[in-house]
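Chains as they are written, first to last, in my numbering: chain A, 19 to 183; chain B, 139 to 559. Where is the CB? At the ideal position from N, CA and C, for every residue including glycine. In this text the structure is predicted, and so the values were computed from the model without any measurement. Down below is the structure, laid out as C-alpha cells.
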Ligand code: SF4
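See below:
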C-alpha cells in the first residue's frame with residue numbers, strides 16, 4: 019500500500035480523550051465520531067481534514083482509554099495513516115485490529131512539518147517528504163500483524179483462520 | 139532463566155513452558171470484559187462473523203457503567219444493544235442498573251476475577267485486577283469480539299519493571315499517593331508496553347483496596363499491566379468470593395527485569411497531579427491554596443469502601459465549603475450498602491455532599507457532574523487530560539480520597555492534617 023497525503027502535525031502524549039472526547043461516546047458511528055475527531059487537540063481539525071490526509075505526532079500517541087472509537091474516528095475522518103514517534107499500546111493494538119495504517123518513526127516526526135506533502139510505502143515502512151525530498155525508514159510491521167492487516171483487520175483474520183481450519 | 143509472574147501467567151495460558159519478552163503468542167483467556175461504550179462496537183464486529191453462539195458465555199462479563207443510568211436516548215440505545223446481546227447469547231454475568239457497579243470495583247467483589255487468571259477487558263483500567271495476582275490488560279472492542287468468538291487473544295510478552303517500596307507510610311498517605319508518585323517519576327509513557335510489578339514491605343502491608351488503586355493506574359504510566367503477587371491479604375479477600383479454582387504465581391528469584399526502581403516512602407507527602415497529565419505530580423504542600431469548584435470522590439480508582447471510610451473520617455461533623463460542590467460515587471451497590479450501614483452516607487449528606495448511585499459518570503465527563511469552562515475539580519479518579527471531566531478549558535487535579543475530603547471542607551487543595559488534628 020502506497021499513498022500520498024498532506025500532513026497535520028500534533029505534539030506528544032495526544033490522548034484518546036483529545037482524539038475523541040468522551041462526551042461523544044454515546045455513539046459508535048464512524049461518520050458521527052469523525053465530526054469531532056481531534057477536537058480537543060485542535061478544534062478546527064474536523065473542518066479542515068480531507069480524505070487522504072496524514073497525521074504526524076510525537077511520542078505516546080493515543081494514550082489513555084481503550085476506546086476503539088479513537089482510531090475509528092481517525093479512519094472515519096478519512097485519514098490515511100498515522101505516523102508518530104511512538105504509540106500507546108492499546109491504540110497500536112486497536113489500529114492494527116481495525117486496519118488503520120500506523121508507523122513509528124521518530125526521525126520523520128522531527129523533520130516533517132505541518133502542511134508538508136509526504137509519500138508513505140507501508141510494506142517497506144518508507145516515508146518520503148515531497149517538500150524536501152528526504153526519506154525516512156520506519157520499522158515495517160511484524161509479519162503476524164501484516165497478516166491481520168491483509169485480512170482488513172482482526173475480524174477478517176479470525177474468519178480467514180476459521181475457513182482454513 | 140526464571141520468569142516473572144506476568145511471564146508465568148502468559149506462558150500457562152499459551153500452553154507453553156517458557157515465554158520470552160517480545161514473543162508474540164496466542165493465549166486462552168479466562169475472562170472477557172466489556173462496558174456500554176466498548177461492547178456495542180464489539181457486538182457489531184462479532185456479528186460480522188455470523189456466529190450463532192459465543193465461545194463460552196460464562197467467560198464474558200458485561201457491565202454497562204459509563205453512561206448508566208442512561209443519560210440520554212443515544213446512550214440508552216447503546217445500553218440496549220448490550221442488554222439484547224446478553225439475553226440472546228445467555229451471558230450470565232450481565233449487570234444492569236440495580237446490580238451494576240463500576241466494572242473494576244464489581245468484578246473482584248463478585249469473585250469473577252481471580253489470582254493467576256488471564257483477563258482482557260475492552261476498558262483500559264482492566265489492569266486493576268493485577269492487584270489480585272492476575273494478568274489483566276485493556277484491549278479494544280475488536281479484540282473483545284474476536285475473544286468472544288474464539289476464547290483467545292494475541293499478546294506480545296512484555297518486559298517487566300520491578301518497583302520496590304520500602305519504609306513506613308506516613309499518615310494519610312496510601313496507594314493513590316504511591317502510584318501518583320511513581321507516575322510522576324517515570325512519566326506517562328515510562329512503562330509503555332511493559333508490566334509493572336509492585337513489591338516491597340510497603341506493598342506487603344498494603345490493604346487490598348489500596349492495591350487495587352495502584353494496579354488501576356498502571357495504564358497511566360503506559361503499562362500493559364500492573365501486578366502484585368498474591369499473599370495472605372489477597373487470599374483473605376478472594377477465598378469467600380471465588381466462583382471457581384484459581385492459581386497462585388510468583389516471580390522467580392532469577393527472573394529478569396528491564397529495570398528495578400526503589401522508593402523510600404517514609405517522607406512521602408500526599409501527592410496531587412496537576413492538569414493535564416497524571417505525571418504532573420507535586421506534594422500536596424506545593425498545591426495548597428488552589429481554589430476548586432468541585433470535588434469528586436469515587437471511580438474505579440477510589441470508589442471502594444476504604445476510600446469512602448477515609449473520606450467519611452475527615453468529613454465527620456464538618457461542612458462542605460459553601461462555594462464548592464462535592465459528588466460521591468460508591469463503586470458498587472454492595473459498597474453503597476456497606477457505606478450506608480457504617481454511617482458514611484449519613485456523614486456525607488450531613489456535610490452537604492451529593493451521593494450518587496454507582497456510575498462512571500463525571501470521571502469521563504459523561505454525566506452527573508460535568509465542569510463548565512474555567513472550572514477546577516479535585517478528583518480521586520485517574521485521568522486529568524484536557525476536557526476529561528467537561529469543558530476543554532476546565533481543569534482536573536488528581537489526588538487521594540483524604541486530600542479530596544480535606545479540600546471539600548476548605549474549598550482549596552488542602553493537606554489532610556490541616557483539617558484533622
Ligand atoms: S470510573 Fe472512570 S476510569 Fe474507571 S472505568 Fe469508569 S470511566 Fe473508566
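Separation of residue j from residue i, as counted between CA atoms
i	j	result
residue 97(A)	residue 213(B)	27 Å
residue 174(A)	residue 166(A)	8 Å
residue 502(B)	residue 527(B)	6 Å
residue 337(B)	residue 316(B)	12 Å
residue 368(B)	residue 303(B)	16 Å
residue 531(B)	residue 485(B)	33 Å
residue 473(B)	residue 549(B)	27 Å
residue 154(B)	residue 211(B)	48 Å
residue 122(A)	residue 101(A)	6 Å
residue 110(B)	residue 355(B)	Absent from the structure is residue 110(B), since the part of chain B shown begins at 139 and ends at 559.
residue 195(B)	residue 171(B)	11 Å
residue 402(B)	residue 305(B)	6 Å
residue 61(A)	residue 230(B)	43 Å
residue 272(B)	residue 148(A)	49 Å
residue 92(A)	residue 115(A)	14 Å
residue 179(B)	residue 46(A)	6 Å
residue 124(A)	residue 164(B)	30 Å
residue 516(B)	residue 434(B)	7 Å
residue 509(B)	residue 529(B)	6 Å
residue 49(A)	residue 55(A)	10 Å
residue 292(B)	residue 70(A)	30 Å
residue 382(B)	residue 307(B)	35 Å
residue 461(B)	residue 432(B)	9 Å
residue 312(B)	residue 294(B)	32 Å
Residues that residue i contacts on chain A, provided the C-beta gap is smaller than 7 Å
i	result
residue 362(B)	107
residue 525(B)	35, 39, 58
residue 415(B)	31
Amino acids of chain B, ordered along the chain, whose beta-carbon sits closer than 7 Å to that of residue i
i	result
residue 121(A)	Within chain B, no residue comes near residue 121(A); the closest Cβ sits about 16 Å away, beyond 7 Å.
residue 177(A)	187
residue 173(A)	183, 186, 187, 280, 283, 284
residue 165(A)	Here the premise fails: no neighbours, minimum Cβ distance about 11 Å.
residue 77(A)	327
residue 116(A)	280
Inter-residue CB distance, residue i and residue j (contact presumed, cutoff 8 Å)
i	j	result
residue 103(A)	residue 138(A)	With 8 Å as the limit, residue 103(A) and residue 138(A) do not qualify as a contact, their Cβ atoms being about 16 Å apart.
residue 169(A)	residue 187(B)	In fact, because the Cβ distance is near 12 Å, the residues do not count as touching under 8 Å.
residue 557(B)	residue 544(B)	5 Å
residue 241(B)	residue 261(B)	6 Å
residue 41(A)	residue 362(B)	About 28 Å; that fails the 8 Å criterion.
residue 280(B)	residue 183(B)	5 Å
residue 351(B)	residue 253(B)	Not quite, the Cβ-Cβ distance comes to about 18 Å (not below 8 Å), so this is no contact.
residue 498(B)	residue 204(B)	5 Å
residue 335(B)	residue 365(B)	5 Å
residue 79(A)	residue 63(A)	In fact, because the Cβ distance is near 14 Å, the residues do not count as touching under 8 Å.
Neighbour list for residue i in chain B, Cβ cutoff strictly below 8 Å
i	result
residue 124(A)	Residues of chain B passing the Cβ test: none, with the nearest at roughly 13 Å.
residue 134(A)	Those do not exist, as residue 134(A) stays about 25 Å from chain B at its closest Cβ, beyond 8 Å.
residue 111(A)	277, 278, 281
Chain-ordered chain A contacts of residue i [CB-CB under 8 Å]
i	result
residue 110(B)	Chain B is shown from 139 up to 559; residue 110(B) falls before or after that span and cannot be answered.
residue 152(B)	What residue 152(B) touches in chain A: nothing, since even the nearest Cβ is about 14 Å away.
residue 288(B)	176
residue 205(B)	43, 44
Contact set between residue i and chain A, taken where Cβ atoms lie within less than 9 Å
i	result
residue 210(B)	44
residue 486(B)	In chain order: nothing, as chain A lies at least about 26 Å away.
residue 521(B)	33, 35, 82, 83
Interface partners of residue i on chain E, CB under 9 Å
i	result
residue 216(B)	Here the protein chains are A and B, and chain E is not one of them.
Please list the residues of the region 528-543 of chain B that have a C-beta atom closer than 9 Å to any C-beta atom in chain A, keeping them in chain order.
-> 528, 530
Anything in the region 35-63 of chain A with a Cβ closer than 7 Å to a Cβ of chain B? List those residues in chain order, please.
-> Hits within the stretch, in order: 35, 36, 39, 40, 41, 43, 44, 45, 46, 58.
Check each residue of the region 326-348 of chain B: if its Cβ is closer than 8 Å to any Cβ of chain A, include it; give the result in chain order.
-> 326, 327, 330, 331
Going along the chain, which residues of the region 141-161 of chain A sit with their C-beta nearer than 8 Å to a C-beta in chain B?
-> 160
Along the region 256-269 of chain B, what residues have a CB closer than 9 Å to any CB found in chain A?
-> 259, 260, 261, 262, 263, 264
If you pair each beta-carbon of the region 530-546 of chain B with each one of the region 406-422 of chain B, do three or more pairs fall below 8 Å?
-> yes
The region 320-331 of chain B in contact with the region 222-238 of chain B per 3-pair CB rule at 8 Å | no
Examine the Cβ distances between the region 141-153 of chain B and the region 388-395 of chain B and report whether three or more of them are shorter than 8 Å.
-> yes
For the region 401-428 of chain B, which residues have a beta carbon sitting closer than 7 Å to at least one beta carbon of chain A?
-> 415
In the region 160-185 of chain B, which residues sit with their C-beta less than 7 Å from some C-beta in chain A, listed in chain order?
-> From the region 160-185 of chain B, only 162, 175, 176, 178, 179, 183 have a Cβ closer than 7 Å to chain A.
Please name the residues in the region 492-514 of chain B whose beta-carbon is closer than 7 Å to at least one beta-carbon of chain A, in chain order.
-> 502, 503, 504
Can you find at least 3 beta carbon pairs, one from the region 441-450 of chain B and one from the region 479-494 of chain B, that sit closer than 8 Å?
-> yes
Chain A contacts from the region 457-490 of chain B (Cβ-Cβ distance under 9 Å) = none
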